[in-house]
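Peer 1: These protein sequence lines are chains A and B, in that order.
So the mapping is simple: the working numbering equals the position in the first sequence, first residue as 1, plus 4.
So the mapping is simple: the working numbering equals the position in the second sequence, first residue as 1, plus 4.
Quick one: structure below, then a few questions.
Protein chains: 2
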Amino acid sequence: MWCKKSFIYKFKNFFNLTIQKKYSVIASVLENANIGENAEGWVKNLRVQKELIFADVNDGSCAQKLQIIIPKELKTDALTYGSSVHIRGKLSKSPRGQLELVAENVKVLGPCVVLDGYPFNPRTTHPPEYIRQYIHLRSRTNFLSSILRVRSSVTKHIHDFYSSKKYLNVHTPILTSNDCEGAGEVFKVQPDCEDTIKAMMQDGKDKDTVYFGSKTYLTVSGQLHLEAICRGMGNVYTLGPTFRAENARSRLHLSEFYMLEAELAFCYSLEQLQNHIEELLKYIFIETRHTNEADLSLIDKENSKPPAWLQKKFATLTYDEAQDILKKKKVVNTENGLNKEQELALVDYCNGAPVFIVRWPKDLKSFYMKECQDDNTKVEALDLLAPITGEIVGGSLREDDYDRLKSKLPSDKLNWYLELRKFGNIPTGGYGLGLERLLQTMCGITNIKDTLPFPRWPHNCSM
Amino acid sequence: MWCKKSFIYKFKNFFNLTIQKKYSVIASVLENANIGENAEGWVKNLRVQKELIFADVNDGSCAQKLQIIIPKELKTDALTYGSSVHIRGKLSKSPRGQLELVAENVKVLGPCVVLDGYPFNPRTTHPPEYIRQYIHLRSRTNFLSSILRVRSSVTKHIHDFYSSKKYLNVHTPILTSNDCEGAGEVFKVQPDCEDTIKAMMQDGKDKDTVYFGSKTYLTVSGQLHLEAICRGMGNVYTLGPTFRAENARSRLHLSEFYMLEAELAFCYSLEQLQNHIEELLKYIFIETRHTNEADLSLIDKENSKPPAWLQKKFATLTYDEAQDILKKKKVVNTENGLNKEQELALVDYCNGAPVFIVRWPKDLKSFYMKECQDDNTKVEALDLLAPITGEIVGGSLREDDYDRLKSKLPSDKLNWYLELRKFGNIPTGGYGLGLERLLQTMCGITNIKDTLPFPRWPHNCSM
Numbered sequence: 005m006w007c008k009k010s011f012i013y014k015f016k017n018f019f020n021l022t023i024q025k026k027y028s029v030i031a032s033v034l035e036n037a038n039i040g041e042n043a044e045g046w047v048k049n050l051r052v053q054k055e056l057i058f059a060d061v062n063d064g065s066c067a068q069k070l071q072i073i074i075p076k077e078l079k080t081d082a083l084t085y086g087s088s089v090h091i092r093g094k095l096s097k098s099p100r101g102q103l104e105l106v107a108e109n110v111k112v113l114g115p116c117v118v119l120d121g122y123p124f125n126p127r128t129t130h131p132p133e134y135i136r137q138y139i140h141l142r143s144r145t146n147f148l149s150s151i152l153r154v155r156s157s158v159t160k161h162i163h164d165f166y167s168s169k170k171y172l173n174v175h176t177p178i179l180t181s182n183d184c185e186g187a188g189e190v191f192k193v194q195p196d197c198e199d200t201i202k203a204m205m206q207d208g209k210d211k212d213t214v215y216f217g218s219k220t221y222l223t224v225s226g227q228l229h230l231e232a233i234c235r236g237m238g239n240v241y242t243l244g245p246t247f248r249a250e251n252a253r254s255r256l257h258l259s260e261f262y263m264l265e266a267e268l269a270f271c272y273s274l275e276q277l278q279n280h281i282e283e284l285l286k287y288i289f290i291e292t293r294h295t296n297e298a299d300l301s302l303i304d305k306e307n308s309k310p311p312a313w314l315q316k317k318f319a320t321l322t323y324d325e326a327q328d329i330l331k332k333k334k335v336v337n338t339e340n341g342l343n344k345e346q347e348l349a350l351v352d353y354c355n356g357a358p359v360f361i362v363r364w365p366k367d368l369k370s371f372y373m374k375e376c377q378d379d380n381t382k383v384e385a386l387d388l389l390a391p392i393t394g395e396i397v398g399g400s401l402r403e404d405d406y407d408r409l410k411s412k413l414p415s416d417k418l419n420w421y422l423e424l425r426k427f428g429n430i431p432t433g434g435y436g437l438g439l440e441r442l443l444q445t446m447c448g449i450t451n452i453k454d455t456l457p458f459p460r461w462p463h464n465c466s467m
Numbered sequence: 005m006w007c008k009k010s011f012i013y014k015f016k017n018f019f020n021l022t023i024q025k026k027y028s029v030i031a032s033v034l035e036n037a038n039i040g041e042n043a044e045g046w047v048k049n050l051r052v053q054k055e056l057i058f059a060d061v062n063d064g065s066c067a068q069k070l071q072i073i074i075p076k077e078l079k080t081d082a083l084t085y086g087s088s089v090h091i092r093g094k095l096s097k098s099p100r101g102q103l104e105l106v107a108e109n110v111k112v113l114g115p116c117v118v119l120d121g122y123p124f125n126p127r128t129t130h131p132p133e134y135i136r137q138y139i140h141l142r143s144r145t146n147f148l149s150s151i152l153r154v155r156s157s158v159t160k161h162i163h164d165f166y167s168s169k170k171y172l173n174v175h176t177p178i179l180t181s182n183d184c185e186g187a188g189e190v191f192k193v194q195p196d197c198e199d200t201i202k203a204m205m206q207d208g209k210d211k212d213t214v215y216f217g218s219k220t221y222l223t224v225s226g227q228l229h230l231e232a233i234c235r236g237m238g239n240v241y242t243l244g245p246t247f248r249a250e251n252a253r254s255r256l257h258l259s260e261f262y263m264l265e266a267e268l269a270f271c272y273s274l275e276q277l278q279n280h281i282e283e284l285l286k287y288i289f290i291e292t293r294h295t296n297e298a299d300l301s302l303i304d305k306e307n308s309k310p311p312a313w314l315q316k317k318f319a320t321l322t323y324d325e326a327q328d329i330l331k332k333k334k335v336v337n338t339e340n341g342l343n344k345e346q347e348l349a350l351v352d353y354c355n356g357a358p359v360f361i362v363r364w365p366k367d368l369k370s371f372y373m374k375e376c377q378d379d380n381t382k383v384e385a386l387d388l389l390a391p392i393t394g395e396i397v398g399g400s401l402r403e404d405d406y407d408r409l410k411s412k413l414p415s416d417k418l419n420w421y422l423e424l425r426k427f428g429n430i431p432t433g434g435y436g437l438g439l440e441r442l443l444q445t446m447c448g449i450t451n452i453k454d455t456l457p458f459p460r461w462p463h464n465c466s467m
């Protein structure tokens, strides 16, 4: 018999020791001053005084910088703003109680000659549009590195939220033969190599179908796949990239973006879904305020206090109620549905708090949404509108009646989706949340291109 | 001032209450018998006795089933194997101490008529090749649902491992203008819609370049992008889909698969990288044995005890030593490098334990790998070989000398990658680990198509 517990204990103990020696990133040093005598990172600021030099060093592990005190005789020409350094020394507390490292040895690992084309300058707040021109270097700025830390934390909190509820993390596919009901905003995928295509070519196949045997697209949503797993394993979620081949440039659109999608098993009402979404959002906001307070303030001073709506219940309006409000406010729209201006007007109407819009006209929504029992012109759908971005979540109960779904199925290719209802079917509901828009709302980032490390949009796929 | 701690406390308290009421999945009920009086799930087995019916119900939250005791008068015709049910009743302990639910009300949510085309039968172990034909339904089998739970847990342990070390989770892009040095095994991406293409067409552009302004591919690795973030923010990792347009069908290859990649900042030696990889692998294996013991045993009885190598240090062989061993064993190869047979022979030589192969001939490896200081025909690269799959990890120290890298750069398109070395450069090393191969090794799954929910391979992209 293998004694699991004692082994795991021994194992963890062994590795904790080694971790303490090797991984003294600045975030860990600031949490526990006993674990490091070295510092590695980039010089963010340098103040030269008579006998001493004060260098603020950051290694990306947190927003905070570690102050290094360097005796003047250890200064070399290469020790400049932007250079990377390895410092050996002694940690101590400054008269003000701040942790600092008194250097005994300073090694410049990589110099940084600003005049040689480095685009950033010390003590300068470069505007986001300027920083965006230097995609490969922009993680070296305080602004973007704070955003990327927030993004990483939000991702962690999302996984923790679902894990605590025992949701299954499902890796839904990127490649799919589902063309999204012919909506026309998809990317298609082919092998690039002509030799591969030639070798695989058979009668009746063309370049579009030769590799997979069917035309293949980049996913626009993992929902249908999630529903398949949900109908065998219960509550599921997925967090990953999705794609839109729109020819639209805006501060809210990307060609590649992350979507969080979840499907709730045994979901009997839209209210059940709404409560879950509200809990999720509040959890992410509160946890991130806890883990990344300094980053949030650095991104936007407005973030220094949490939004008031975190302590209140989200409002709910029916689609018809929302239209009445917009008419009274004279924010009208010649097209169907809600446009961005109207969405933000509704958020404004709710004092800047997120608001659910429910019970949508059937013809504005997708085939898989469940009809309202008391009104078959409406579906059990919801949009959640939020400040800055408008729509941030879209969801619905799913049509669970086999015959009704069959009559609405847009393509034979989706027979597999229909068949999910044939055997041991369950009522489910689900939603999709745009990660980048969530970050915009949370951090007050006006341009979506600043919410992720490598944005892709029409005419731009650099790197 | 906002009183954060007390607010978070109140918030968590509030939600814990609601969680207890709503989320009584079977995994939670088995952990804490106080939290549920209802059960929802699928009937996995049904035994009819004189007065009582015993139904084993599973909801996908764990491998275990909850036994439901149903008085005969509550039985309906629809209550069969494969049907989904909602049970209200009272939890109690059986004479053997096992938790069971005595039903007071039984509702069949979705019937399952096996004769109407349901491919699975009760008390039958269907072979994986059979199950694979029913991709949309296969999460309803014990075999695949156990694998998907292990996959979800492994994913969680990976995130926890890096989070504990304060690594940044970076979402590297799927779309890239980097063609992977013209290796020819990439997929290219275009908008599917002819109208979009027409509207965006400009002089000198073709269909391949019109949307993004440059030819665009699906990523084969996030490494180069990770290196860009690593050189501003330190330790980073990414876990996500990668793609190969190979015309190869094997039990080890997929067209879309998940890769875990990490880049270690301030990485001075291959040994530092090896220790980190060994720690990662052992952590994942041990944690998963802890969280998914029942699933592992269900997938393969051989998994009932952990592999002996978990308690030993991984062996290391140089590439030259490995070749000598293979010559003595007469496992030879006319091509360069190691083939699968040789990889497995080396694992066998190490008593079935993972083994690092280091110091590879330069011409077998990529341009970005650092030359060995004492032998410029070799690079500081490693492969980790493991049972069942052979190569499971590939990694290296990265060339950090600007001029040497410049001389080896395969394309001007990678000038951004070169420029990372120009300003505040640091020594780094990194690796990629195939998630599906890890699952094969961990669980003893011979065909890689059974390690993920929706496998894609040449001639197959169903759903």
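Glycine residues also receive a C-beta, built at the ideal position from the N, C-alpha and C atoms.
Predicted model, so just to flag it, every value in this text is computed and none were measured.
Counting only runs that start and end within the segment 44-100 of chain A, where is the alpha helix (DSSP H) found for 4 or more residues in a row?
Peer 2: Here no run is fully enclosed.
Peer 1: What are the residues of the segment 107-125 of chain B that lie near chain A, defined by any Cβ-Cβ distance shorter than 8 Å?
Peer 2: L113, G114, P115, C116, V117, D120, G121, Y122
Peer 1: Establish whether the CB of S10 (chain B) and some CB of chain A are separated by less than 7 Å.
Peer 2: At S10 (chain B) the pLDDT is 42, less than 50, meaning the model places this residue with poor confidence and gives no usable figure here.
Peer 1: Using the C-alpha atoms, what's the distance from T129 (chain B) back to L119 (chain B)?
Peer 2: Approximately 18 Å between the Cα atoms of the pair.
Peer 1: Taking all protein chains shown into account, decide if Q346 (chain A) is buried (16 or more other Cβ within 10 angstroms of its Cβ) or exposed.
Peer 2: buried
Peer 1: Starting from W420 (chain A), trace the beta strand (DSSP E) both ways and give me its first and last residue.
Peer 2: No beta strand (DSSP E) holds W420 (chain A); the alpha helix (DSSP H) holding it covers 419-423.
Peer 1: For L39 (chain A), does the three-state DSSP call read helix, strand or coil?
Peer 2: It is worth fixing the name first, because residue 39 (chain A) is Ile in this sequence and not Leu. Helix, per DSSP.
Peer 1: Starting from A385 (chain B), follow its DSSP beta bridges and name the residues at the other end.
Peer 2: B:S400
Peer 1: Give the interface partners of Q137 (chain B) over in chain A, defined as CB-CB distance under 7 Å, in chain order.
Peer 2: Simply none; closest approach about 12 Å.
Peer 1: Please list the terminal residues of the continuous beta strand (DSSP E) segment that includes M373 (chain B).
Peer 2: Looking at the DSSP string, M373 (chain B) is not in any beta strand (DSSP E), and its letter there is neither H nor E.
Peer 1: Go ahead and label V190 (chain A) buried or exposed: buried means 16 or more other beta carbons lie within 10 angstroms of its beta carbon, across all protein chains shown.
Peer 2: buried
Peer 1: Can you pull the chain B neighbours of D63 (chain A), defined as C-beta to C-beta under 9 Å?
Peer 2: Under the 9 Å cutoff, chain B gives M237, G238, N239, A269, F270.
Peer 1: Would you call A203 (chain B) buried or exposed, if buried means 16 or more other Cβ atoms sit within 10 Å of its Cβ?
Peer 2: exposed
Peer 1: Measuring only between beta-carbons, confirm whether C465 (chain B) sits less than 7 Å from chain A.
Peer 2: yes
Peer 1: Identify each residue in the segment 298-315 of chain B for which the Cβ-Cβ distance to at least one residue of chain A is less than 9 Å, and report them in chain order.
Peer 2: K309, P310, L314, Q315
Peer 1: Nearest to L228 (chain B) by CA position, among B:I396, B:Y435, B:G448, B:K334, is which residue?
Peer 2: B:Y435
Peer 1: Grab me the residues of K286 (chain A)'s own chain with a C-beta within less than 7 Å of its C-beta, minus the 5 sequence neighbours each way, in chain order.
Peer 2: Excluding positions up to five away in sequence, the list reads L314.
Peer 1: Pull up the distance between the alpha-carbon of A266 (chain A) and that of L401 (chain A), whole angstroms please.
Peer 2: 12 Å
Peer 1: Nearest by alpha-carbon distance to T450 (chain A): which of A:Y272, A:P391, A:S259, A:G45 is it?
Peer 2: A:P391
Peer 1: Under three-state DSSP, which class holds Q194 (chain B)?
Peer 2: Q194 (chain B): strand per DSSP, three-state reduction.
Peer 1: If you reduce the DSSP assignment to three classes, tell me which class E108 (chain B) lands in.
Peer 2: strand
Peer 1: Compile a chain-ordered list of the residues in the segment 172-194 of chain B whose CB is closer than 8 Å to at least one CB of chain A.
Peer 2: L172, N173, V174, H175, T176, P177, I178, L179, T180, S181, N182, D183, G188, E189, V190, F191, K192, V193, Q194
Peer 1: Beta carbon of I30 (chain B), beta carbon of D63 (chain B): below 7 Å?
Peer 2: yes
Peer 1: Using the three-state DSSP reduction, which class does R363 (chain B) fall into: helix, strand or coil?
Peer 2: strand
Peer 1: Since L264 (chain B) and L230 (chain B) should fall inside the 8 Å C-beta cutoff, what is the C-beta to C-beta distance between them, to a whole number of angstroms?
Peer 2: At roughly 11 Å, the Cβ-Cβ gap does not stay under 8 Å, so L264 (chain B) and L230 (chain B) are not in contact.
Peer 1: How about Y323 (chain B) and W364 (chain B): are their beta carbons less than 7 Å apart?
Peer 2: yes
Peer 1: Please list the partners that G86 (chain A) has in chain B, where partner means a Cβ-to-Cβ separation under 9 Å.
Peer 2: F427, G428
Peer 1: How far does the alpha helix (DSSP H) with Y353 (chain A) in it reach, from first residue to last?
Peer 2: 344-353
Peer 1: For E44 (chain A), is the classification buried or exposed, using 16 other Cβ atoms within 10 angstroms of its Cβ as the cut-off for buried?
Peer 2: buried
Peer 1: Mind checking the segment 202-213 of chain B against chain A and listing, in chain order, the residues whose C-beta falls within less than 8 Å of any C-beta there?
Peer 2: A203, M204
Peer 1: Identify, in the order they occur along the chain, each residue of the same chain with its Cβ nearer than 8 Å to the Cβ of E55 (chain B), setting aside the five sequence neighbours on each side.
Peer 2: Result list for E55 (chain B): P75, K76, in chain order.
Peer 1: Please determine, among A:K209, A:Y85, A:N49, A:V61, the residue with the shortest C-alpha to C-alpha distance to F427 (chain B).
Peer 2: Taking only the C-alpha atoms, the option nearest F427 (chain B) is A:Y85.
Peer 1: Pick helix, strand or coil for V240 (chain B), following the three-state DSSP scheme.
Peer 2: strand
Peer 1: Leaving aside the five residues before and after A82 (chain A) along the sequence, list all residues of the same chain whose C-beta is less than 8 Å from its C-beta, in chain order.
Peer 2: Shown here for A82 (chain A): same chain residues with a beta carbon closer than 8 Å to its own, the five before and five after excluded, namely V112, P115 in chain order.
Peer 1: Can you list, in chain order, the residues of its chain with a C-beta nearer than 8 Å to that of V472 (chain B)? Leave out the 5 residues immediately preceding and following it.
Peer 2: Because chain B spans 5 through 467 in this model, residue 472 (chain B) falls outside it and cannot be assessed.
Peer 1: Please say whether E260 (chain B) and I178 (chain A) have beta carbons closer to each other than 7 Å?
Peer 2: Yes, they are a contact pair.
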